[in-house]
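Report on the following structure.
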Amino acid sequence: MTEPGPRTPPSRVRADIAHNARVWNHWLGGADNYPVDRAVGDRVTGMYPSIGEVARADRAFLGRVVRHLAGDAGIGQFLDIGTGLPTADNTHEVAQHTAPDARVVYVDNDPIVLEHARSLLTSAPEGATEYVEADARDPELILRTAGRTLDLRRPVAVMMLGILNFVLDTDEARGIVTKLMEALPSGSHLVLTHPTTELGGEGNEAAMRFWNENANPPITARSRTEFASFLDGLDVLEPGIVSCSRWRAGSHGPAPEVAQFGAVGRKP
Numbered sequence: 022m023t024e025p026g027p028r029t030p031p032s033r034v035r036a037d038i039a040h041n042a043r044v045w046n047h048w049l050g051g052a053d054n055y056p057v058d059r060a061v062g063d064r065v066t067g068m069y070p071s072i073g074e075v076a077r078a079d080r081a082f083l084g085r086v087v088r089h090l091a092g093d094a095g096i097g098q099f100l101d102i103g104t105g106l107p108t109a110d111n112t113h114e115v116a117q118h119t120a121p122d123a124r125v126v127y128v129d130n131d132p133i134v135l136e137h138a139r140s141l142l143t144s145a146p147e148g149a150t151e152y153v154e155a156d157a158r159d160p161e162l163i164l165r166t167a168g169r170t171l172d173l174r175r176p177v178a179v180m181m182l183g184i185l186n187f188v189l190d191t192d193e194a195r196g197i198v199t200k201l202m203e204a205l206p207s208g209s210h211l212v213l214t215h216p217t218t219e220l221g222g223e224g225n226e227a228a229m230r231f232w233n234e235n236a237n238p239p240i241t242a243r244s245r246t247e248f249a250s251f252l253d254g255l256d257v258l259e260p261g262i263v264s265c266s267r268w269r270a271g272s273h274g275p276a277p278e279v280a281q282f283g284a285v286g287r288k289p
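Read the sequence shown against our numbering and you will find it ends at 289, with the numbers running on by one and no gaps.
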């Protein structure tokens, strides 16, 4: 039996320290990770057993939101910042299943994600996908390069799932969101998820301390009030700020809550 994960790390990738994109991939059952990622991921799971549920709920939230935006909301452009490694049901796949002419730009600064970018660039013939190598802390570069594929004069859905938690300073994180949304027209949407200790995240604080000592990049949780500040000036879609597992989860009863906020805001 072969060991899962890539055999030879790309030249810019460190295989001696766990990295979020690869650990997240491990939690989602993927193979694009190294032994150090699985070791740290399994240790975090031992401390915080529901982390796998968080990862799966975050991915399911992405699917529900993109289907709504590409369908009912009529959004044809998506800017997915902090893409991570491709798995099933990536943003362009979900969007173009509903609207084949949807245009999607992915943004990440992880070299291993760049190695997999060609998997993200498959597109329905009517639409388009592109990958931008940039840091979330550089919204000007993101907007400038995304504008080669997206028409920024028309509404755009900005996807920031599990990314602002890596910007440790809340004012800086808020500034990033503000710059992105100020540059986009009315009708644009902001889609967010973010870890919290306010939704039954027992063990989460200890797991985050372990993560910050043994993996990159460092992470922080935020309160509902801090999370809500990222949506200032936007009209928050129903059901508001909730556990991401419970955002429009359907009519089969309430989904189990996970310690990850989710919300969607619309620029008026």
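C-beta: ideal position from N, C-alpha, C; glycine also.
To the nearest angstrom, how far is it from the Cα of residue i to the Cα of residue j?
i	j	result
Asp256	Asp192	21 Å
Asp156	Lys200	14 Å
Thr170	Ile163	11 Å
Glu147	Asn46	29 Å
Thr150	Pro70	35 Å
Leu83	Thr166	23 Å
Leu182	Ser144	21 Å
Met202	Leu252	10 Å
Arg245	Gly95	29 Å
Ile72	Asn54	17 Å
Asn130	Arg195	20 Å
Val198	Ala52	32 Å
Gly224	His215	16 Å
Gly271	Gly168	35 Å
Pro275	Met229	27 Å
Pro238	Gly261	29 Å
Leu185	Pro160	13 Å
Arg158	Glu114	26 Å
Val44	Glu154	20 Å
Compare the beta carbon distance of residue i and residue j with 8 Å and say whether it is the shorter of the two.
i	j	result
Ala42	Leu106	yes
Arg88	Leu49	no
Val263	Val86	no
Thr108	Ala91	no
Cys265	Ala78	yes
Between residue i and the rest of its own chain, which residues show a CB-CB distance below 8 Å, the 5 nearest in sequence each way excluded?
i	result
Glu226	Thr218, Ala242
Leu205	Leu173, Pro176, Val177, Val179, Lys288
Val57	Ala36, Asp37, Ile38, Ala39
Asp190	none
Ser250	Thr191, Arg195
Asp110	Arg80, Leu83, Gly84
Glu247	Thr191
What residues in its chain sit with their C-beta under 6 Å from that of residue i, if we drop five residues either side in the sequence?
i	result
Tyr127	Asp101, Thr104, Leu141, Tyr152
Glu234	none
Val188	Ala194
Ala236	Ala39, Val61
Trp268	Phe82, Gly283
Ser209	Pro176, Val177, Lys288
Gly286	Leu211, Leu252, Leu255, Val257
Leaving out five residues before and five after residue i in sequence, what residues of the same chain have Cβ atoms less than 7 Å from its Cβ?
i	result
Phe231	Arg64, Val65, Met68
Val75	Val279, Ala280, Gln281
Arg139	none
Gly221	Glu278, Ala280
Thr112	Leu83, Val87, Phe99, Asp101, Val125, Met180
Ser207	Lys288, Pro289
Pro121	Ala145, Glu147, Gly148
Step through the CB atoms of chain B and report whether any lies within less than 8 Å of the CB of residue i.
i	result
Ala78	Here there is only one protein chain, and chain B is not present.
* Do the segment 128-137 and the segment 61-81 touch if we need at least three Cβ pairs shorter than 8 Å? -> no
* Sequence ranges, beta strand (DSSP E) only - wholly within the segment 85-172, length at least 3 -> 98-102, 124-129, 149-154
* the segment 92-101 touching the segment 115-129, judged by at least three CB pairs closer than 8 Å -> yes
* **Complete runs of the beta strand (DSSP E) confined to the segment 196-242 [at least 3 residues]** => 210-216
* Fully enclosed by the segment 32-61, which alpha helix (DSSP H) runs are 4 residues long or longer? -> 41-48
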